[in-house]
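J.:
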Amino acid sequence: IEVETAEPSPQLVEVINKITGVRKVEAKANQLQITTDSDLRAEISKVVVQSGVPLIQVKIQAFSLDDIYMRYFHEG
């Protein structure tokens, strides 16, 4: 899941990491790359808004068959 915010903070990353099903959160500039076990867009959006950080965009990163193949054979 990709989340774009105006001002991501370390505190926001910490709160998102505590959501059940979140595996990893990476912050890069004004974007958060979140690895999850399922579609947690609603829960993540709620946490961002409740933290007072302006939420710009939330989307799921789609993977091609090549991406899936590479992940399976390089991480599996």
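Using this note's numbering, the first residue of the sequence shown is number 1, and each one after it goes up by one.
The C-beta atom is built at its ideal place from N, Cα and C for all residues, glycine as well.
Please read these numbers as outputs of a predicted model, since none were measured by experiment.
(1) Can you tell me whether DSSP reads Gln57 as helix, strand or coil?
(2) In whole angstroms, give me the CA-to-CA distance for Glu4 and Asn30.
(3) DSSP has Ala27 in a bridge; who is on the other side?
(4) Can you tell me whether Leu40 is buried or exposed, with buried defined as 16 or more other CB within 10 angstroms of its CB?
(5) Where do the N-terminal and C-terminal ends of the beta strand (DSSP E) with Glu2 fall, by residue?
(6) Spatial neighbours of Ala6 within its chain, please: CB distance less than 6 angstroms, with the 5 preceding and 5 following residues excluded, ordered by chain position.
(7) Using the Cβ count rule (16 or more neighbours within 10 Å means buried), how would you classify Pro10?
T.: To lay it out plainly:
(1) By one-based count along the sequence shown, residue 57 stands at place 57. Of the three classes helix, strand and coil, the one that applies to Gln57 here is strand, per DSSP.
(2) Translated into positions along the sequence shown, residue 4 becomes position 4. Translated into positions along the sequence shown, residue 30 becomes position 30. Taking the straight line from one Cα to the other gives about 6 angstroms.
(3) By one-based count along the sequence shown, residue 27 stands at place 27. Ala27 pairs with Leu32.
(4) Reading the sequence shown from its first residue, position 40 is the one you call residue 40. With 16 or more Cβ atoms within 10 Å of its Cβ, Leu40 is classed as buried.
(5) One-based indexing of the sequence shown puts residue 2 at position 2. 2 to 5 is the extent of the beta strand (DSSP E) around Glu2.
(6) Taking the sequence shown and counting its residues from 1, the one referred to as residue 6 is at position 6. Same-chain partners within the cutoff: Pro54.
(7) Within the sequence shown, residue 10 is the residue found at index 10, counting from 1. Pro10 is exposed by the Cβ-count criterion.
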